[in-house]
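As C-alpha cells, this is what we get:
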C-alpha cells in the first residue's frame, strides 16, 4: 500500500471515532455553574483536536476484545470476563488530562495561540485558566471512575492516571529547567520528552487494557507501545520544524531555531560541536530568510543531527509496533500499527 | 470545664497527632527529582500548619473503631471488618490537597505571604508554583490509593476526593467572580464558602469513615459534620478580622474592610442598606486609624451584621456536633465535638 493510502486509512480510523469521542466529552463534561469556569474548561476541548489519544484507547479495547472495529458500543463494551465496561470514559479521561496540561503549559510558556484559537489565559484570564486546568484535572479522575470496570481494575486505572499526571508535571518542570541549562544531553532530553509527552500515550494505550481486564504483561506491553510511539511522535515534531516547507507547516520553518527552542536535534548538534546559538541570526520567525534556515539545516545535516533524530524516531516506532504482538491479530491491531507509523510519517 | 481548659484539650489532641502527620507527609511525599519541583511542592507543607484536617480524619477513624485515642498505629489501623487499613494515607492525602489549593490560590490572589513565609510563586516563580500545585494534586490521588481499604471503599474514597477537588475549584471561581459583582447575597456567599473551604473538611471527616468501612449513612453524617464545621470556621474568620485586637490577630484588625474584601458580614450589611465601600476611607491596612475601624465595626453592629455572622457560626457548629451522634460515645467523638467548638471559639 502506498503512503497516501495508508495515511488515509489512519485518518479514517481517527475520523470514524472523533464524533463519538466529541459526543462523549460533551456528556462527561457538561456545562455547569459557575458558567465561566466550565466554559473556560471546555473551551480548548471544543476548539478541536484530532483525538489521537482516545482513538488509540478505543482501538486497544477493540483489539483486545477481538471485535470488528466500530461494531460494539464503547460505553457498553464487552470486557474479557463477559461483563460490559465503558471504555469511552477511559478515553475521554485521557483527553481531558491532555487538555488540562495544554492550558497550564500555555500559561507557563505564555503562548498566545493553541489549535488556531487564543489560549485559555488569553481568551479568559490567568486566574480562570489556572482554575479551568485544575477543574479538568479532577474531572478526569471523576470520569475515569465511571468505566464500571471491576473495582480492582478501576483502582489500577486510577493509579495509572495519577502516576501519569505526576510524570507529566515532572517532564514539564524539566523542560522549564532546561531553558536555563546549556549542557542538556540527549539522554536527559529524551527522559524529559518521555515524561512530558510520551507517558500520556502510554496511559492512553494501557488504561483501556486495564479496564477490559487484560493481563498485566499485556497492559505493560501496551504501555510501552504508547510511550515509544509518543516519544517518536515528539522527536518527529522536531524534525518537521526543520524539513517541512513553511506553507505546509502552517508556521515559519525553523521557528524552533529562531526562537532558540531546544530540540533533540539541537541537543545532539551541540553535543557534536555545533554552535547552536549561532545557527540563525534572527530572533523573530517573521523576519528570517529561507536561505538562513537552509544554511542552518545544512549544518545540522552535516553534524548528523537530523539523521540521528529521524533514525531514533524510526527505531522507536518499530519497537512500539513490536509491542503490539501481545494483541490478537486483527483489524484494530493493524490500525494501531498504522497509527504508530502515521505519528512519524505525517507531513505536519 | 472553662474555655481555656477546653481549648487546651483540643490543642493537645492536635499536637499529639501533628508529629505523626508530619512524619507521614515526609514518607508519602519524599524528595524526588526534578529537585526544584519537589522542593517547591513540599515547601508549604514544611512551613507548618496546624494539621487540623488530618487531625479530624484520624479522630473519626478512632471514634468509629471505638479505640482509645492514639492506641493504634494509624498506618495499620483496625477497620470495621477486622482488616487493617492505612487511615494516615487518607489524612495526608487531604492535607496535600489543601496545600495544592493554597499554592494556586496565592498565585490567583497574588498573595506574597503564607504561614509566615513567602508564597510559593514568590519564593520560586510562577511556573514552578503552578507545577508544584499540579504535582501535589496527582500525588494526593496516588497517596489516597495507598489506604489498603477494600477496593470498592477505596474507589468511594477516590470519588469523594475527586468531587471535592472539583467543588473547591468551583468555589474559588465563584470567589474570583464575586470580586466584580456588587450584588452578591448571603446565600450565594455561603454557597461559595461551602465549596471553597467547607467541602474539604467534609472530605477530611468522611473519607476515613469510608476507608474503615462505615455504613453510607454514617459517612454522609460525617461529611455534613465536616461541611458545617468548615463553614462555621470560615464565617468565624470573618468575625475575628473585625473583633480581635490587631496584636492578637497578627495583622491589622479590619484589614478585610480596608482591602474591600467581601465577607459574610459585609454581604449581610450591604443587604441591609449599609454603604459598605464607604465604611473605611483608607485603602492600605498600614495607614488606618483604630478609631476608623471602631466606627465601622459600630455601624456593622448596628446593622446586626456581626451578630448575624456570630449566630450563624454558632448554629452551624451545633448542627455539626449533632451529626456526630452517629458515632459511638467515646473520647474521640468528644474531641471531634470540641474541635467544632474550637473552630469558632479560637481567638485568632
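Protein chains in written order, with full-length UniProt numbering: chain F, 1 to 348; chain Z, 1 to 348.
Even glycine gets a Cβ: it sits at the ideal position worked out from N, Cα and C.
Note that the structure is predicted; figures quoted are calculated from it, not measured.
Backbone CA spacing between residue 190 of chain F and residue 231 of chain F [nearest angstrom]: Position 190 of the first chain, counted from the start, is the residue given in the question as residue 190 of chain F. Position 231 of the first chain, counted from the start, is the residue given in the question as residue 231 of chain F. So the two alpha carbons sit approximately 8 Å from each other.
Neighbour flag for residue 162 of chain Z against chain F, beta carbons, 7 Å: Within the second chain, residue 162 of chain Z is the residue found at index 162, counting from 1. Yes, because at least one Cβ of chain F sits closer than 7 Å to the Cβ of residue 162 of chain Z.
Exposure label - residue 30 of chain F; buried when at least 16 CB within 10 Å: Counting from one through the first chain, the residue named residue 30 of chain F turns up at place 30. Looking at its Cβ environment, which holds fewer than 16 other Cβ atoms inside 10 Å, residue 30 of chain F is exposed.
Chain Z contact residues for residue 172 of chain F, given Cβ-Cβ distances below 7 Å: Translated into positions along the first chain, residue 172 of chain F becomes position 172. Going along chain Z in sequence order, the residues near residue 172 of chain F (Cβ under 7 Å) are 131.
Euclidean distance between Cα positions of residue 162 of chain Z and residue 141 of chain F: As a working mapping, residue 162 of chain Z is identified with position 162 in the second chain. As a working mapping, residue 141 of chain F is identified with position 141 in the first chain. So the two alpha carbons sit approximately 6 Å from each other.
Residue(s) in a DSSP beta bridge with residue 84 of chain F: To locate residue 84 of chain F, count along the first chain from 1; it is residue 84. According to DSSP, which records beta bridges pairwise, residue 84 of chain F is partnered with F:78.
Cutoff 6 Å; reference residue 319 of chain F; Cβ partners in own chain excluding five residues on either side: To locate residue 319 of chain F, count along the first chain from 1; it is residue 319. Counting only Cβ-Cβ distances below 6 Å, and skipping sequence neighbours, we find 228.
Top-ranked residue by Cα proximity to residue 225 of chain Z, from Z:176, Z:304, Z:316: Translated into positions along the second chain, residue 225 of chain Z becomes position 225. For the residues Z:176, Z:304, Z:316, the minimum Cα distance to residue 225 of chain Z belongs to Z:316.
Neighbourhood of residue 21 of chain Z by C-beta, 6 Å cutoff - its chain only, sequence neighbours within 5 removed: Position 21 of the second chain, counted from the start, is the residue given in the question as residue 21 of chain Z. Scanning its chain for C-beta atoms nearer than 6 Å, with the 5 sequence neighbours on each side dropped, one finds around residue 21 of chain Z the residues 51, 54, in chain order.
DSSP beta-bridge partners of residue 239 of chain F: In the first chain, counting from the first residue as 1, residue 239 of chain F sits at position 239. DSSP, once it has assigned bridges, lists no residue as partnering residue 239 of chain F.
Beta-carbon proximity of residue 91 of chain Z to residue 57 of chain Z, cut-off 7 Å: Here the question's residue 91 of chain Z lines up with position 91 in the second chain. Here the question's residue 57 of chain Z lines up with position 57 in the second chain. Between residue 91 of chain Z and residue 57 of chain Z, the C-beta spacing is below 7 Å.
Residue 208 of chain F: contacting residues in chain Z (beta-carbon distance under 9 Å): Translated into the one-based positions of the first chain, residue 208 of chain F becomes position 208. Those do not exist, as residue 208 of chain F stays about 18 Å from chain Z at its closest Cβ, beyond 9 Å.
Terminal residues of the alpha helix (DSSP H) in which residue 163 of chain F lies: Locating residue 163 of chain F in the first chain gives position 163, where the first residue counts as 1. Per DSSP, residue 163 of chain F belongs to the alpha helix (DSSP H) from 151–178.
Beta-carbon proximity check, residue 235 of chain F vs residue 309 of chain F, cutoff 7 Å: As a position in the first chain, residue 235 of chain F is number 235, starting the count at 1. As a position in the first chain, residue 309 of chain F is number 309, starting the count at 1. Their beta carbons are under 7 Å apart, which means residue 235 of chain F touches residue 309 of chain F by this criterion.
Members of the stretch 133–163 of chain Z that neighbour chain C once the beta carbon cut-off is set at 7 Å: Given the protein chain composition of this structure (F and Z), no chain C is represented.
Rounded C-alpha distance that separates residue 129 of chain F from residue 279 of chain F: Looking up residue 129 of chain F in the first chain gives position 129. Looking up residue 279 of chain F in the first chain gives position 279. Straight-line Cα distance between these residues: approximately 36 Å.
Proximity test, Cβ basis, 7 Å: residue 127 of chain Z and chain F: Within the second chain, residue 127 of chain Z is the residue found at index 127, counting from 1. At least one chain F Cβ lies under 7 Å of residue 127 of chain Z.
Contact set between the stretch 88–106 of chain Z and chain F, restricted to residues whose Cβ is under 7 Å from the partner: If the cut-off is 7 Å between Cβ atoms, the stretch 88–106 of chain Z has 104 near chain F.
Any C-beta of chain F under 7 Å from that of residue 276 of chain Z: Counted from its first residue, the second chain places residue 276 of chain Z at position 276. False, the Cβ-Cβ gap to chain F never drops below 7 Å.
Exposure label - residue 106 of chain Z; buried when at least 16 CB within 10 Å: Within the second chain, residue 106 of chain Z is the residue found at index 106, counting from 1. Buried: at least 16 other Cβ atoms inside 10 Å.
Alpha-carbon to alpha-carbon, residue 40 of chain F and residue 44 of chain Z: One-based indexing of the second chain puts residue 44 of chain Z at position 44. One-based indexing of the first chain puts residue 40 of chain F at position 40. Rounded to the nearest angstrom, the gap between the Cα atoms of residue 44 of chain Z and residue 40 of chain F is 28 Å.
Identity of the residues DSSP links to residue 117 of chain Z by a beta bridge: Working through the second chain from its first residue, we reach residue 117 of chain Z at position 117. Z:114, per the DSSP bridge assignment.
For residue 286 of chain Z, the nearest candidate out of Z:246, Z:303, Z:96 (CA to CA): Numbered from its first residue, the second chain carries residue 286 of chain Z at position 286. Among Z:246, Z:303, Z:96, the Cα nearest to that of residue 286 of chain Z belongs to Z:246.
Spatial distance of residue 167 of chain Z from residue 33 of chain F (CA atoms): Within the second chain, the letter at position 167 stands for residue 167 of chain Z. Within the first chain, the letter at position 33 stands for residue 33 of chain F. Residue 167 of chain Z and residue 33 of chain F: Cα-Cα distance of roughly 10 Å.
At least 3 beta-carbon pairs within less than 8 Å: the stretch 167–183 of chain Z vs the stretch 110–126 of chain Z: no
Distance cut-off 6 Å: residue 226 of chain F Cβ against heavy atoms of the ligand MG: Among the components of this structure there are no ligands whatsoever, and the ligand MG is therefore not found.
Residue from F:70, F:146, F:99 whose Cα sits closest to the Cα of residue 28 of chain F: Position 28 of the first chain holds residue 28 of chain F. Among F:70, F:146, F:99, the Cα nearest to that of residue 28 of chain F belongs to F:146.
is_contact[residue 186 of chain F, chain Z] using C-beta, thresh 7 Å: Translated into the one-based positions of the first chain, residue 186 of chain F becomes position 186. So, not an interface residue.
Beta-carbon contacts of residue 305 of chain Z that lie in its chain and below 6 Å, excluding the five residues immediately before and after: On the second chain, position 305 is the one that residue 305 of chain Z refers to. So the qualifying residues of the chain are 265, 268, 269.
Beta carbon proximity, residue 176 of chain F to chain Z, threshold 7 Å: Numbered from its first residue, the first chain carries residue 176 of chain F at position 176. Cβ-Cβ to chain Z under 7 Å: yes for residue 176 of chain F.
At least 3 beta-carbon pairs within less than 8 Å: the stretch 285–303 of chain Z vs the stretch 213–222 of chain Z: no
Exposure label - residue 194 of chain Z; buried when at least 16 CB within 10 Å: Position 194 of the second chain, counted from the first residue, corresponds to residue 194 of chain Z. By the 10 Å Cβ count, residue 194 of chain Z comes out buried.
Contacting residues, own chain, Cβ-Cβ under 7 Å from residue 327 of chain F (five flanking each side not counted): For this step, residue 327 of chain F is matched to residue 327 along the first chain. For residue 327 of chain F, where only same-chain residues beyond five positions count, the Cβ hits under 7 Å are 63, 64, 333.
Beta-carbon neighbours of residue 108 of chain Z, restricted to chain F and to distances below 7 Å: In the second chain, the residue the question calls residue 108 of chain Z occupies position 108. Within 7 Å Cβ-Cβ: 127, 130.
Completely contained alpha helix (DSSP H) runs for the stretch 249–333 of chain F, where each covers 4 or more residues: 255–258, 264–271, 290–302, 305–323
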